[in-house]
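Visitor: Could you have a look at this structure, given as structure tokens, before my questions?
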Ligand SMILES: Nc1ncnc2c1ncn2[C@@H]1O[C@H](COP(=O)(O)OP(=O)(O)OP(=O)(O)O)[C@@H](O)[C@H]1O
Ligand SMILES: [Mg+2]
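In the numbering used here, the protein residues as written are 1136 to 1496.
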């Protein structure tokens, strides 16, 4: 059994990371499908705003949303595989944020005040980091959902993927932020009335952003009163989930020097936060026909073929040289997926990737 197959069988969360355009969404969907074929109940979560997941699965764009949808697997293959389940979710940041507010708001009135508050809507829709944090929140929700054994996460490009891992910490920093602590006293009440320093601070903020923004912010923090603990606890739980034994990270790459450098840099960042990269998928590798030029092809009429073969051998050797640092630095299984002659745009295409991803290397 190859290392990826073992991850699919044994882990409960699998996060696919990698530079833009290398094939993360395709790989995440194909791994999810392969796990379903191996009998697991799998949910694939995409944070990719480009709707590539629907496209890769051959689904209409409107089918995928913030709630898991069951995707019917094509007829079971001859080997009897195909008894698991495949589900898919496309993250909707604002809806997920609203659901989190609903979870922690002590009263329906408080919930309503927050959801209609201008400052909150601004955070929920556009605050940098809100997107990443809600992705982690969604992952946490799906992980806790009894319907699924495994959640496969597709992520945006690497530069953002590290934001993901930092998202729980960012929420904590927000709660520790000066603005927050100026507005909300340790006992939970608003500092507005009691604290002269806070008044001065708010007046200067209002001059820059406008009084109505400050009023909105004050209303938001007043309504947020009592919810802070819930948010902190949840951020800590999400962080633990990312570092849990059951969570695996799979880096997706292509045989290009810059991409290989990115993978190594990102794996280094992960390592720095105590997370190991569990496997690497190298996508779009040129097929290897033969290790060396066979003898007996000297006939001049074969020249066009020997030229192509020589080029192919040269490409393969160059690609292998490019990938060598991966093997040198990361002590993990590296699975190669060939460059296909067409886009993957339906379940049959994803299904075909399964045996390639899970082949012995
Ligand atoms: N092995 C392959 N051979 C040929 N085409 C491929 C292969 N893998 C993926 N593709 C195609 O490459 C394109 C990009 O793939 P995909 O959307 O999975 O990348 P991504 O890493 O998720 O991109 P992004 O970072 O933009 O989210 C898609 O059109 C996909 O069908
Ligand atoms: Mg993608």
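Just so you know, even glycine gets a beta-carbon here, dropped at the ideal spot from N, CA and C.
Nothing here was measured: the structure is a model prediction, and the numbers come from that model.
In angstroms with no decimal places, state the Cα-to-Cα distance between residue 1394 and residue 1446.
Guide: Distance between the alpha carbons of residue 1394 and residue 1446 is about 23 Å.
Visitor: Between which two residues does the beta strand (DSSP E) harbouring residue 1479 extend?
Guide: Where residue 1479 is concerned, there is no enclosing beta strand (DSSP E), given that its DSSP letter is neither H nor E.
Visitor: Taking the straight line between their C-alpha atoms, what separation do you get for residue 1441 and residue 1189?
Guide: 42 Å
Visitor: Please list, in chain order, all residues of the same chain as residue 1174 whose beta carbon is under 6 Å from its beta carbon, the five residues on each side excluded.
Guide: Only 1218, 1219 meet the Cβ criterion.
Visitor: Express the C-alpha separation of residue 1417 and residue 1472 in angstroms, rounding to a whole number.
Guide: 6 Å
Visitor: Is the beta carbon of residue 1147 sitting closer than 9 Å to the one on residue 1373?
Guide: Not in contact: residue 1147 and residue 1373 (Cβ atoms no closer than 9 Å).
Visitor: Can you tell me whether residue 1177 is helix, strand or coil according to DSSP?
Guide: Assigned with DSSP and collapsed to three states, residue 1177 falls in strand.
Visitor: Is residue 1289 close to ligand 2? I mean its beta-carbon at under 8 Å from any heavy atom of the ligand.
Guide: yes
Visitor: Counting C-beta neighbours from all protein chains within 10 Å, is the total for residue 1485 16 or more, i.e. buried, or is it exposed?
Guide: In summary, residue 1485 is buried, with 16 or more beta-carbon neighbours lying within 10 Å of its beta-carbon over all protein chains present.
Visitor: Reducing DSSP to helix, strand and coil, say where residue 1375 ends up.
Guide: In this structure, DSSP gives residue 1375 a helical state, which the three-state scheme calls helix.
Visitor: Assign residue 1407 to one of two classes, buried (16 or more other C-beta atoms within 10 Å of its C-beta) or exposed (fewer than that).
Guide: exposed
Visitor: Any idea what DSSP makes of residue 1220, helix, strand or coil?
Guide: strand
Visitor: Give the DSSP-derived three-state secondary structure of residue 1289 in the structure shown.
Guide: The DSSP-derived three-state label of residue 1289 is strand.
Visitor: On a Cα-Cα basis, can you pick out the residue from 1364, 1179, 1376 that is closest to residue 1205?
Guide: 1179
Visitor: Just to confirm, does residue 1204 get its C-beta within under 8 Å of one of the non-hydrogen atoms of ligand 1?
Guide: No, the beta carbon of residue 1204 sits no closer than 8 Å to any heavy atom of ligand 1.
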